[in-house]
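Protein chains: 2
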Amino acid sequence: MQHSLKTIFPNFSNELIATIEENGSHQNFETGTILMRTGQYIKNTVLITKGKIKIYREGEDGGEFLMYYLQPGQACAISMICTAKSEKSQIMAKVVEDVSVMMIPLQLMDKWMMEHRSWYEFVIETYRSRFEEVLEVVDNIAFRSMDERLEFYLKRHSDACGCSEVNLSHQEIATELNTSREVVSRLLKKMEQRGLVKLNRNQIELLNF
Amino acid sequence: MQHSLKTIFPNFSNELIATIEENGSHQNFETGTILMRTGQYIKNTVLITKGKIKIYREGEDGGEFLMYYLQPGQACAISMICTAKSEKSQIMAKVVEDVSVMMIPLQLMDKWMMEHRSWYEFVIETYRSRFEEVLEVVDNIAFRSMDERLEFYLKRHSDACGCSEVNLSHQEIATELNTSREVVSRLLKKMEQRGLVKLNRNQIELLNF
DNA sequence: ATTCTACAGTAACATTTATCACAGATCTTG
DNA sequence: CAAGATCTGTGATAAATGTTACTGTAGAAT
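Here it is, written out as structure tokens:
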């Protein structure tokens with residue numbers, strides 16, 4: 002492992018870190034791997050130590066409606082909760098940048114809640130922040146039109162990667178917003194005319210955001 | 002109290018029930034009361050013992066986008082999670098049928114997680130089911146058109162009240178779906194023509210649902 | 001270099017949803 | 001009952017979004 006768990010999860014107590022290293026199983030997955038499918042039973046809680054995972058809702062037509070991304074130091078809220086009851090997943094999880102993860106068997110996830118205060122707080126905080134993120138998504142689709150949603154989408158991306166370039170094709174963006182490529186192209190062009198972005202092939206530079 | 006806590010929350014252990022009765026504060030609120038506002042800090046976890054509370058997201062224009070309803074035997078997931086960190090609420094909660102609730106101070110909510118297994122399970126299950134409900138809402142607005150969303154909305158209502166009449170005006174429905182009354186009227190008329198509903202003033206009877 | 005493929009731009013048109021305008025029906029209140 | 005308020009129905013029109021069709025361009029593959 003390149004970085005220690007303690008660096009990635011600074012709030013975990015030392016005993017918790019030790020327990021995780023002892024009981025968790027460290028695994029790597031390549032970009033494109035589907036880690037979780039709608040309807041699948043969940044057997045593990047996943048802690049991300051490297052890479053990026055996209056959590057989305059799948060439409061019948063192949064839409065991949067973006068809920069949020071998971072990055073190092075985060076965990077899958079869905080898996081944590083469903084795990085506790087060994088329920089079915091209601092979402093899809095796909096690796097979008099090669100990841101390293103710690104898999105925690107469901108019994109332990111549950112057991113640690115009582116034994117490790119820092120684990121308990123991490124789980125609660127994970128749940129809270131994800132719930133909030135999903136609420137924001139609802140806000141966007143319920144109250145905003147496509148041009149605003151697109152702006153928000155780009156902003157999220159640049160926030161997530163810490164840079165001002167978004168390396169995605171119009172088609173990929175359209176899929177994640179559940180609209181069509183043409184609409185995305187049109188709106189991006191308008192944004193370019195307003196001086197908000199600069200469009201290149203497979204790349205959108207954000208200006209004045 | 003008309004019914005005992007034990008009847009309404011059958012999974013709570015007897016000790017937990019006793020603790021709740023000892024430490025919680027029993028309160029009543031009339032229809033129309035706003036129990037929680039966006040941006041407000043949360044100081045209590047709320048257990049519903051009677052009535053109905055609507056959890057919604059407020060739009061700038063006064064839209065009241067429905068997330069879900071809280072009924073007896075349920076608790077506000079938002080309050081449980083935010084409580085743990087004393088965070089701001091991201092939603093609105095309005096009484097839609099006179100309610101009785103138990104208010105649990107935030108420190109206790111947290112403390113009981115360690116002390117009462119049945120409380121822990123209740124909190125986790127509350128979170129899981131609400132998250133799922135919100136995901137379903139996302140599904141609907143992301144992938145479905147207004148006629149399907151309206152059908153789903155009516156179904157939810159009849160499920161929630163256990164009857165086949167929905168006593169709401171077209172305007173109220175429009176507000177909760179963030180559309181306009183005219184659209185709702187038109188779509189309902191079409192549903193009536195297809196034999197799915199019967200329309201009366203302030204009431205929609207669901208047939209063959 | 002030529003061909004192939006993915007990506008991007010754009011016009012024309014269809015569909016869905018929102019908005020405006022108004023009329024009739026039903027209930028409430030004095 | 002008369003007057004006012006609320007609720008519902010419906011046409012006309014506008015705006016946003018989705019769809020189809022076609023073009024051009026950049027990069028990859030042969």
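Chains V and Z, in that order, give the protein sequences.
Residue 2 is where the first sequence starts when you use the working numbering, and the numbers rise one by one after that.
Residue 2 is where the second sequence starts when you use the working numbering, and the numbers rise one by one after that.
Note that the Cβ used here is the ideal one computed from N, Cα and C, for glycine as well.
Treat the numbers as computed from the prediction; the structure is a model and nothing was measured.
Check your understanding: In chain V, which residues lie with their C-beta within 7 Å of the C-beta of D140/Z?
Key -> R58
Review point. Under a CB-based cut-off of 7 Å, is N29/Z close to chain V?
Key: no
Review point. In whole angstroms, what is the alpha-carbon distance linking E183/V and L155/V?
Key: 17 Å
Point to revise | Chain-ordered neighbours of N45/Z on chain V, where CB pairs are closer than 8 Å | key: Correct list: empty, because the minimum Cβ distance to chain V is about 16 Å.
Review point. Rounded to a whole number of angstroms, what is the C-alpha to C-alpha distance between N24/V and A94/V?
Key: 23 Å
Practice item. Would you kindly report the start and end of the unbroken beta strand (DSSP E) that includes K89/Z? Key: From DSSP, K89/Z is part of no beta strand (DSSP E); its letter is neither H nor E.
Review point. Does the Cβ of R38/V have 16 or more other Cβ atoms within 10 Å, making it buried, or fewer, making it exposed?
Key: exposed
Exercise for review: Take the Cβ of N45/V as the centre, count every other Cβ of all protein chains shown within 10 Å, and call the residue buried at 16 or more, exposed below.
Suggested key: buried
Practice item. Using alpha carbons as the reference points, say which of Q41/V, G74/V, F30/V lies closest to V124/V. Key: G74/V
Practice item. Determine the chain V residues that contact Q91/Z at a beta-carbon separation under 7 Å, and present them in chain order. Key: E133, L136
Point to revise | Contained alpha helix (DSSP H) runs [length at least 4] in the region 39-112 of chain Z, N- to C-terminal order | key: 78-86
Practice item. Flag this pair as yes or no: are the beta carbons of L225/Z and I54/Z separated by less than 7 Å? Key: No information on residue 225/Z is available, as it lies outside the stretch 2 to 210 that chain Z covers here.
Practice item. Would you verify that the beta carbon of R129/V is, or is not, closer than 7 Å to some beta carbon of chain Z? Key: yes
Review point. So, F30/Z versus V97/Z, is the Cβ gap smaller than 7 Å?
Key: no
Check your understanding: Which residue's Cα is closest to the Cα of I205/Z: L169/Z, R150/Z, S5/Z?
Key -> L169/Z
Exercise for review: Could you tell me which chain V residues have their CB closer than 9 Å to the CB of F66/Z, listed as they occur along the chain?
Suggested key: V139, D140, A143, F144
Review point. Beta strand (DSSP E) containing H117/Z: first to last residue?
Key: Per DSSP, H117/Z belongs to no beta strand (DSSP E) and is neither H nor E.
Review point. Residue range of the beta strand (DSSP E) that E31/Z falls in?
Key: Here E31/Z belongs to no beta strand (DSSP E), and DSSP marks it neither H nor E.
Check your understanding: What three-state label does DSSP hand N179/Z in the structure shown?
Key -> coil
Exercise for review: Give the residues of chain V in contact with N179/Z, contact being defined as C-beta atoms less than 8 Å apart.
Suggested key: A143, F144
Review point. Which residue comes first and which comes last in the alpha helix (DSSP H) that contains L6/V?
Key: 6-9
Review point. Touching or not, the region 16-23 of chain V and the region 101-118 of chain V, by the rule of three or more beta carbon pairs under 8 Å?
Key: yes
**Study point:** Rounded straight-line distance, which links the Cα of I142/Z to that of L207/Z
**Key:** 22 Å
Exercise for review: Find the residues of chain Z that neighbour E88/V, judging by a C-beta separation of less than 9 Å, and give them in chain order.
Suggested key: R129, E133
Exercise for review: Look at the alpha carbon of S90/Z and the alpha carbon of A78/Z, and state the distance between them as a whole number of angstroms.
Suggested key: 11 Å
Practice item. Quick one: residues in its chain with C-beta nearer than 8 Å to the C-beta of E122/Z, no 5 flanking neighbours on either side, listed in chain order? Key: N12
Review point. In the structure shown, what three-state DSSP assignment does S26/V receive?
Key: strand
Review point. Anyone know if the C-beta pair for T32/V and D99/V falls short of 7 Å?
Key: yes
Exercise for review: Within the same chain, show all residues whose beta-carbon is closer than 8 Å to that of F153/V, passing over the 5 residues directly before and after it, in chain order.
Suggested key: N141, R145
Point to revise | Continuous beta strand (DSSP E) stretch holding L200/Z: start and end | key: 198-201
Point to revise | Residue nearest to E134/V in terms of C-alpha spacing, selected from I21/V, L197/V, I56/V, F10/V | key: I56/V
**Study point:** Residue from N209/Z, V185/Z, L136/Z, N179/Z whose Cα sits closest to the Cα of E166/Z
**Key:** N209/Z
Practice item. Could you tell me whether the Cβ atoms of L189/Z and L200/Z are closer together than 7 Å? Key: yes
Check your understanding: Exposed or buried, D111/V, counting other C-beta atoms within 10 Å across all chains shown (16 or more means buried)?
Key -> buried
Review point. Taking the continuous alpha helix (DSSP H) assigned at L151/V, which residues delimit it?
Key: 147-162
Exercise for review: Go ahead and pull the three-state DSSP assignment for Q3/V.
Suggested key: Here the model assigns Q3/V a pLDDT of 48, short of 50, so the residue's position is not dependable and the matter cannot be decided.
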